[in-house]
Amino acid sequence: MTLSLPATIDQVDYLNWETYRPIYAELQTRPLSAETQRQWLEDWSYLTRFVREAFSYTYIQRTLDTSDPAREKAYLDMVSNLMPKGKIADQALKERLLQLDLDDEDMQIMLRNLRAEVDLFAEANLPLETELTKLTAEYDKQVGGFSAEWDGTTENLSQLAVHLSSNDRDERQRVWQTINTLWENARTDLNKIFDKMLALRQQVAENAGYANYRDYAFILRGRFAYDAEACFQFHDAISAAFVPAATRILERKRQALGFDTLKPWDYAPEMGKIIEGDSAEPLNPFSTEDELIHASLNIFNALDPDLGRYFATMADDGLLDLMTRQGKAAGGYCYGLPLRKKPFIFMNAVGSSRNMQTMFHEAGHAFHGFEAMASQPLIWMQRAPMEFNEVASMAMELLVAPYLTKEKGGLFTSAEAARHRIGHLEKIILFMPYMAVVDSFQHWLYTHIDAAKDAATRDAKWDELWQRFMPQIDWQGYEQIRSGGWHRKLHIFRYPFYYIEYGMAQIGALQLWRNSLDDHAQALADYRHALSL
13 MTLSLPATID
23 QVDYLNWETY
33 RPIYAELQTR
43 PLSAETQRQW
53 LEDWSYLTRF
63 VREAFSYTYI
73 QRTLDTSDPA
83 REKAYLDMVS
93 NLMPKGKIAD
103 QALKERLLQL
113 DLDDEDMQIM
123 LRNLRAEVDL
133 FAEANLPLET
143 ELTKLTAEYD
153 KQVGGFSAEW
163 DGTTENLSQL
173 AVHLSSNDRD
183 ERQRVWQTIN
193 TLWENARTDL
203 NKIFDKMLAL
213 RQQVAENAGY
223 ANYRDYAFIL
233 RGRFAYDAEA
243 CFQFHDAISA
253 AFVPAATRIL
263 ERKRQALGFD
273 TLKPWDYAPE
283 MGKIIEGDSA
293 EPLNPFSTED
303 ELIHASLNIF
313 NALDPDLGRY
323 FATMADDGLL
333 DLMTRQGKAA
343 GGYCYGLPLR
353 KKPFIFMNAV
363 GSSRNMQTMF
373 HEAGHAFHGF
383 EAMASQPLIW
393 MQRAPMEFNE
403 VASMAMELLV
413 APYLTKEKGG
423 LFTSAEAARH
433 RIGHLEKIIL
443 FMPYMAVVDS
453 FQHWLYTHID
463 AAKDAATRDA
473 KWDELWQRFM
483 PQIDWQGYEQ
493 IRSGGWHRKL
503 HIFRYPFYYI
513 EYGMAQIGAL
523 QLWRNSLDDH
533 AQALADYRHA
543 LSL
């Protein structure tokens with residue numbers, strides 16, 4: 013290693029471009045040939061890991077407290093000043109590498125991805141991408157600040173959503189209306205944010221030589237194996253197979269509950285909530301972060317001791333922030349820290365069984381990161397297609413199923429574990445139509461740019477798709493709220509065209525789960541091998 017970078021980012025001024033500029037310059041001028049490319053790549057890979065660690069750290073810190081001006085400033089300094097300069101320098105190094113016309117078999121996928129990145133790059137897009145990142149931070153800050161009084165206490169969105177599992181229908185309706193009042197009050201502001209995003213994304217696509225952002229995003233997301241038509245065929249298949257199955261599930265619940273119709277507070281897919289249809293209390297198996305970590309560690313140790321060690325490392329190193337609190341960004345994620353070769357998990361847990369599912373999901377991503385970072389020498393080889401990344405997470409949700417009971421270290425009784433598993437499998441079926449709504453909506457947004465500029469037209473399109481794929485719920489009197497439901501799906505704001513991957517991966521995860529029913533050990537071995545590739 014010839015680079016003058018330390019082992020951790022806190023040993024340098026990691027927000028200062030001058031920390032990195034001389035190293036990029038040295039790589040740009042160092043003699044490069046087929047014989048010297050391996051050491052050159054290893055040095056560039058280390059530099060890239062260092063820069064990405066710095067970005068990951070500032071991103072994580074901002075999401076942990078969106079109300080902290082110092083964290084926001086550090087993140088915006090990173091995305092406004094350092095990252096654009098890094099992208100320009102990286103572009104020059106990519107072009108230099110590709111001129112070698114290497115034919116190393118183990119690098120072909122990496123080189124294909126780098127070629128696509130070179131082709132997409134347009135320096136004019138750097139300030140636009142920075143502005144998009146700032147708008148995403150604005151969305152996060154606004155939604156992260158949502159709170160309302162509930163029975164004498166102030167609760168954020170995640171805490172309020174717990175009450176949607178209540179057996180008291182009046183309480184469910186009351187909290188549903190409270191939550192949606194928050195969203196409706198922000199409707200104008202969120203539309204303004206998205207108006208700017210839409211225009212910027214269209215300009216990004218045009219600057220890169222694409223007619224629309226959809227076509228640009230397909231290359232950006234590395235969708236080399238399928239096209240838009242394949243997505244439409246998937247939507248149609250979901251309409252033909254999953255929508256009737258979802259209708260049967262919801263009709264059984266309606267009959268069990270004795271309701272004339274199901275209302276949106278009985279089934280709120282955007283919040284992962286559906287009433288079970290019996291008098292059992294909602295499953296809230298833990299109340300503290302320590303309880304969640306301890307039970308998860310027991311489950312992962314029972315599943316595979318190596319996975320248990322990975323999780324224990326994260327817990328010991330402070331790489332888990334799991335419980336919700338005011339000011340924390342919405343959602344959950346697993347983010348890689350490539351310099352440390354460790355991942356970080358962020359959640360907004362409130363103690364529900366759904367939070368357990370999220371824990372397993374994000375841990376699947378984390379295990380993928382551990383395996384890939386340990387087995388692949390170059391950072392670009394550690395990146396898998398997003399469609400498979402979500403197999404890693406969704407399969408983990410299913411593979412842990414035999415280990416959820418208290419007698420095996422989990423948090424459920426046998427009866428509760430059965431309820432949890434049934435609910436999980438039902439939600440898989442119910443999720444697929446919702447996924448089709450989100451993906452179909454984005455196809456329309458970015459290929460009908462003039463119509464999509466109008467907020468009312470956007471709402472009408474979302475409403476049309478909702479009624480195609482999710483017709484089972486009675487929204488009478490609340491149509492206005494339904495039409496703005498796309499505001500609740502943060503991917504549409506944060507990660508455009510990142511959603512169909514969940515649907516594709518769910519099919520793969522179900523295949524792996526089916527294999528595990530025949531031979532659990534072999535299915536787990538196959539899973540871990542795939543993570544390392």
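For the working numbering, add 12 to where a residue sits in the sequence shown, where the first one is 1. Beta carbons: idealized from backbone N, C-alpha and C, even for Gly. As the structure is a computational prediction, the values presented were derived from the model and not from experiment.
Distance CB(residue i)-CB(residue j) smaller than 8 Å
| i | j | result |
| --- | --- | --- |
| VAL450 | ILE504 | yes |
| ALA324 | ILE357 | no |
| PHE372 | MET326 | no |
| LYS420 | ALA314 | yes |
| LYS97 | TRP29 | yes |
| VAL403 | GLY284 | no |
| SER387 | SER544 | yes |
| TYR347 | ILE72 | yes |
| SER170 | THR336 | yes |
| PRO276 | TRP487 | yes |
| LEU39 | ASP25 | no |
| ASN401 | HIS432 | no |
| ASP199 | GLY435 | With the sequence shown as reference, residue 199 is identified as Arg, and Asp is not the correct amino acid for it. Not closer than 8 Å, so no. |
| PHE254 | ILE441 | yes |
| ASN137 | ILE461 | no |
| LEU144 | LEU126 | no |
| LEU210 | ALA464 | yes |
| LEU410 | TRP525 | yes |
| ALA280 | TRP162 | no |
| PHE453 | LEU477 | yes |
| ASP278 | ARG184 | yes |
| ARG64 | PRO414 | no |
| HIS455 | ALA217 | no |
Integer Cβ distance of residue i from residue j, believed to fall under 8 Å
| i | j | result |
| --- | --- | --- |
| GLU141 | ILE205 | The pair is not a contact, with the Cβ atoms about 16 Å apart (cut-off 8 Å). |
| SER299 | GLY363 | 5 Å |
| MET154 | ASP201 | Correcting the residue identity first, residue 154 is Gln in this sequence and not Met. Indeed they touch by this definition, with Cβ atoms about 6 Å apart. |
| MET444 | ILE287 | Not quite, the Cβ-Cβ distance comes to about 20 Å (not below 8 Å), so this is no contact. |
| ILE21 | TYR58 | That belief does not hold up - the Cβ atoms of ILE21 and TYR58 are roughly 12 Å apart, past 8 Å. |
| VAL412 | ILE493 | With a Cβ gap of about 35 Å, VAL412 and ILE493 do not count as contacting. |
| ALA160 | LEU123 | Wrong, their Cβ atoms sit about 52 Å apart, outside the cutoff. |
| LYS353 | ASP329 | About 11 Å separates the two Cβ atoms, so there is no contact after all. |
| LYS340 | ASN367 | LYS340 to ASN367, Cβ: 14 Å. No contact. |
| ILE485 | LEU274 | 5 Å |
| LYS106 | GLU129 | 6 Å |
Paired residues, beta bridge with residue i - DSSP
| i | result |
| --- | --- |
| ASP486 | None, per the DSSP bridge assignment. |
| PHE356 | TYR347 |
| PHE424 | THR417 |
| ALA361 | MET335 |
| GLU143 | None, per the DSSP bridge assignment. |
| TRP162 | THR165 |
| ALA280 | LYS285 |
Inter-residue spacing [alpha-carbon to alpha-carbon] between residue i and residue j
| i | j | result |
| --- | --- | --- |
| TYR416 | ASN219 | Note that residue 416 is Leu in the sequence shown here, rather than Tyr. For LEU416 and ASN219, the distance between alpha carbons rounds to 51 Å. |
| LEU53 | ARG226 | 32 Å |
| GLN267 | ASN168 | 33 Å |
| ARG61 | LEU94 | 14 Å |
| SER528 | ALA257 | 24 Å |
| CYS243 | THR48 | 43 Å |
| GLY515 | THR41 | 45 Å |
| TYR322 | ARG233 | 28 Å |
| SER16 | TYR87 | 24 Å |
| PRO81 | SER92 | 16 Å |
| ASN119 | ILE305 | Checking the displayed sequence, the identity of residue 119 turns out to be Met instead of Asn. The alpha-carbon atoms of MET119 and ILE305 are separated by roughly 38 Å. |
| ARG74 | ALA104 | 30 Å |
| SER308 | ASP531 | 23 Å |
| PHE133 | TYR222 | 12 Å |
| ALA542 | ARG186 | 46 Å |
| THR425 | ASN296 | 12 Å |
Assigned exposure category for residue i - 16 Cβ within 10 Å defines buried
| i | result |
| --- | --- |
| GLU303 | exposed |
| ASP115 | exposed |
| ARG43 | First, the amino acid is wrong: residue 43 is Pro here, not Arg. With fewer than 16 Cβ atoms within 10 Å of its Cβ, PRO43 is classed as exposed. |
| ARG500 | buried |
| ARG213 | buried |
| ALA237 | exposed |
| MET13 | Residue confidence for MET13 is low, a pLDDT of 44 falling below 50, so the modelled location carries little weight and cannot support an answer. |
| PRO45 | Reading the sequence as shown, one finds Ser at residue 45 and not Pro. Exposed, since its Cβ has fewer than 16 Cβ neighbours within 10 Å. |
| ALA292 | exposed |
| ASN197 | exposed |
| TYR539 | buried |
| ARG264 | exposed |
| ALA252 | exposed |
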